[in-house]
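In terms of the numbering used here, the sequence shown opens at residue 27 and continues consecutively. Notes follow once the structure below has been shown.
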Amino acid sequence: MTPLLTFYGDDFTGSTAVMEILSFAGVPTMLFMDAPEPEVLSQYPDLQAIGVAGIARSKDPAWMRANLPPVFEALKRFGAPVSHYKTCSTFDSAPGTGSIGVASELGARVFDGGWIPLVVGAPAIRRYQAFGNLFAGAGADNHRLDRHPVMSRHPVTPMDEADLGRHLSRQTDLRVGVIDLAAIKAGQADAVLQRCLAEGARILAIDVVDDETLAEAGRLTWQDGAGPVFAVGSQGVEYALVAFWRAQAMIPADHAPPNLHAVDQIFAVSGSCAPTTADQIACAEAKGFKILHFDAACAADPQRLTAEMQRVRSASLALLSDGHDVLATTARGPDDPALGRMAETIEQTGASASDVNDRLGAALGQLVAAIRQQTGLPRVAIGGGDTSGHALTALGAEALTAVAPLAPGAPVCRLHKRADAKIDGLEVTLKGGQMGAPEFFLQAKGCPQT
């Protein structure tokens, strides 16, 4: 079966968000850690969407130029009408880190499909694009991205520009046009598209603020299914395509997702310093979770890191054996003194911050693997995009499938690893720093939502 869609996620949590939308809309989807070979896909003949979970968001342009084209070529061979480069819904990127502009250039060369649809707005997760500017929810309010209380202060890719065309102009020479909501509401989207193309635009940012503009973004992206279309953007691409496919009766109009079953006990790790995650940790602690601090500064010294990982593992196993739910965390919000200690240690030792972060993430992943192997716990929760990627690598995951919804963008998934019965079948939820309600870790266990 030729799939409807292929996608590459620029981080692991974003990749599972795409799988969530498609799977629970009735589009059979599998997320692989590497581009699958045909003999692997032959075991899953009913797949209609094939994804690859990546790490490009944290990489520089040299890495992207070396690593993205082979993945894009592999996805192109599957023959899907649309292939999607999935970005963060807050468009995290900079010229030197996770450049969406460079990814767009590379995809354009491989797919050679003409103009590139850019869809970032996704009302279901409180992301809106209006007249080319991106807005995102935080608390009770919606903010233009350059005034967002979190994203404007992002430690790696602070967003100081909400106009996506201007933002991308720092990363690529590809010209960006806008199909704005006024044109869409007036039925003039196709005319604006043709005008922008005539003026030299290669990337067309499509406004999405409501159901009407969402479905129109899906129509424009689908381009009659003639393909190959290379699309860029958040999971808004999938929300838009699903809306259009439903309108065209290409997929079920109403597909009820399964309910999440409860488990008796859960283990969680967090490498996120986001305020949202800090609130979730506090809520879990108030509801009886045992919180263990993992000293991130130890990651500057491999020997100290090994000792710290063993300490937290032993403490976790002891608490789990007493029947507790356990959450190991490196920080409790952006103002946690642990972050300052880590920065001081990196400066004092002369270690590479990138290497330290990689070692820390790998250690947290090894911790998750050790707990699963020694306890057989059926479900784990992982907070932080980078931490999630390292954890799946340490677990040796081959692929993920969606089990049940939990929080928008963070479903519960089933891990597939055919060669290791102790890991195969583990249920895991991967949570980006800003995702989920305060009760997220309780909900991951299957506790009733409050």
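From the three backbone atoms N, C-alpha and C, an ideal C-beta is built for every residue, glycine too. Quick caveat: nothing in here was measured; it's all calculated off a predicted structure.
Can you tell me the Cα-Cα spacing of residue i and residue j, whole angstroms?
i	j	result
T476	P464	Bear in mind that a pLDDT of 44 at T476, under 50, signals an unreliable position, so the number given afterwards is only what the model happens to contain. Cα to Cα, T476 sits roughly 10 Å from P464.
S20	M45	Not covered by the structure: residue 20. The range shown for the chain is 27 to 476.
A166	M461	15 Å
R272	A279	5 Å
A150	R330	43 Å
G52	D72	12 Å
G459	A369	20 Å
D348	T413	27 Å
I126	G262	16 Å
L246	P64	30 Å
L418	I210	41 Å
Q220	L94	29 Å
K448	G139	44 Å
L30	S49	13 Å
S12	V78	Lying outside 27 to 476, the shown extent of the chain, residue 12 is not represented and no answer is given.
M16	A308	The structure shown does not extend to residue 16, since the chain spans only 27 to 476, so no value can be given for it.
A304	V218	44 Å
R339	L346	10 Å
E187	Y34	25 Å
F157	G122	27 Å
D362	H319	11 Å
D118	A88	18 Å
E264	A344	43 Å
I47	A445	29 Å
A231	L353	40 Å
E99	S109	11 Å
T356	Q249	45 Å
V111	V128	The sequence shown places Tyr at residue 111, rather than the Val named in the question. Their Cα atoms are separated by approximately 11 Å.
L286	G472	6 Å
F58	P431	19 Å
L426	H281	20 Å
T371	H416	22 Å
Helix, strand or coil for residue i? Go by DSSP, reduced to three states.
i	result
Y154	strand
I47	helix
A243	helix
V136	helix
L441	strand
H319	strand
R56	Strictly speaking, residue 56 in this sequence is Met, with Arg absent from that position. Strand.
I292	coil
H180	coil
V477	Because the chain in this structure spans residues 27 to 476, residue 477 falls outside the shown range and cannot be described.
I408	strand
R358	coil
I307	helix
H416	helix
D351	coil
N383	helix
I142	strand
D167	strand
M35	The sequence given here places Gly at residue 35; Met does not occur at that position. Looking at G35 - three-state DSSP - the assignment turns out to be strand.
T332	helix
L267	helix
D189	strand
L343	helix
P301	helix
T371	helix
P431	strand
Of all Cβ atoms in chain C, is any one closer than 9 Å to the Cβ of residue i?
i	result
S340	The structure shown contains no chain C; it is built from a single protein chain.
Could you work out which residue in the options is closest to residue i when comparing CA atoms only?
i	options	result
V255	P107, A100 and L48	P107
E453	T419, G435, I408 and G244	I408
R337	H442, A396 and T123	A396
L393	T198, D381 and V406	V406
G80	V97, V66 and C299	V97
Q214	D233, Q197, A308 and G226	D233
A224	R135, W141 and F104	W141
P477	H416, A470, F315 and S378	Lying outside 27 to 476, the shown extent of the chain, residue 477 is not represented and no answer is given.
G253	E373, S260, L468 and K102	K102
T390	V128, R170, A294 and E99	Sequence check: residue 390 is Leu here, not Thr. For L390, the nearest C-alpha among the options comes from A294.
P283	D86, A428 and E131	A428
D86	T116, S115 and A120	A120
Q291	T355, A436 and R398	R398
T455	T355, A82 and A43	A43
D37	G472, R196 and G259	G259
Kindly give me the distance between the Cβ atoms of residue i and residue j, rounded to whole angstroms, as I take these residues to be in contact under 8 Å.
i	j	result
A322	A364	6 Å
A325	L386	4 Å
P360	C439	About 28 Å separates the two Cβ atoms, so there is no contact after all.
V202	A241	22 Å between Cβ atoms; not a contact.
N168	R152	7 Å
**Request:** Write down every uninterrupted run of the beta strand (DSSP E) in the stretch 194-259 whose length is 3 residues or greater and which is fully enclosed by it, in chain order.
**Result:** 202-205, 229-232 and 255-259
**Prompt:** Which residue spans inside the stretch 69-127 form an unbroken alpha helix (DSSP H) run of at least 4?
**Reply:** 87-103
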